Amino acid sequence: MSSSSEPTQDEKKKNEETYPCSCHCGSIAFAVTLSPPLPEQSVMECNCSICRRAGYLLVYPPVENVKFLHGSEARLSRYKFNSKTRDHLFCGYCGASLGIDFHGFRHRGYGISVRAFDGIDLDALTYKKGDGKEKIPPYTDLSGVQWALDQKEKEQAEHAEKGEN
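Counted the way the UniProt record's numbering counts, the sequence shown spans residues 1 to 165.
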């Protein structure tokens, strides 16, 4: 037993579990290590527009506890909405929403949707409600106009990067 109040590495390992995760089609495969294990976590159910539409039920592992397998990180598709500060991760083949990449934003880690965890009983989990719709106003232009402007800006940036006019 350790003389300090800090848990030893062995004690930490006993209180963690690694979960296999994937998108629906299997193109994106990864493992998430949670401490404490999932049954002891409170899963975030946020009411903001992106979380509702993506169906996110989130846990927040640090970046070093998320391991993408077989080169699948390169196959992730990313979407930035509204404030354009975070990448929402999904499979570009089957469209499954996987989570949020928080690199460079508040903390260094991910919000991973437990819906991507293989074999999890969602009814057995404990949830906490998040009120993201009060913190992040919903994207108001649903007409497609802003999307077209964003796409044009993206294309111009790509052409500038390549040295094209």
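In this text, a Cβ means the ideal position worked out from N, Cα and C, and glycines have one as well. The model shown is predicted, which means the values in this text are computed figures rather than measured ones.
Cβ-Cβ separation, residue j to residue i (assumed contact under 8 Å), whole Å
i, j, result
"L34", "P61", "6 Å"
"L125", "L38", "7 Å"
"L58", "S113", "6 Å"
Per-residue DSSP class, three states only, for residue i
i, result
"G132", "helix"
"I103", "Checking the displayed sequence, the identity of residue 103 turns out to be His instead of Ile. The answer is coil: DSSP assigns H103 none of H, G, I, E or B."
"L89", "strand"
"R78", "strand"
"L125", "coil"
"R115", "helix"
Distance CB(residue i)-CB(residue j) smaller than 9 Å
i, j, result
"K128", "M44", "yes"
"R47", "G130", "With the sequence shown as reference, residue 47 is identified as Asn, and Arg is not the correct amino acid for it. Cβ atoms of N47 and G130: closer than 9 Å."
"S91", "C21", "The identity of residue 91 in the sequence shown is Cys, whereas the question assumes Ser. Not a contact, by the Cβ cut-off of 9 Å."
"K133", "S49", "yes"
Are three or more beta carbon pairs between the stretch 65–81 and the stretch 27–47 nearer than 8 Å? yes
Are at least three pairs of beta-carbons, each pair with one atom in the stretch 116–125 and one in the stretch 75–82, less than 8 Å apart? no
Counting only runs that start and end within the stretch 8–69, where is the alpha helix (DSSP H) found for 4 or more residues in a row? 9–14, 49–54
For the stretch 92–99 and the stretch 144–164, state whether three or more C-beta atom pairs, one from each stretch, are separated by less than 8 Å. no
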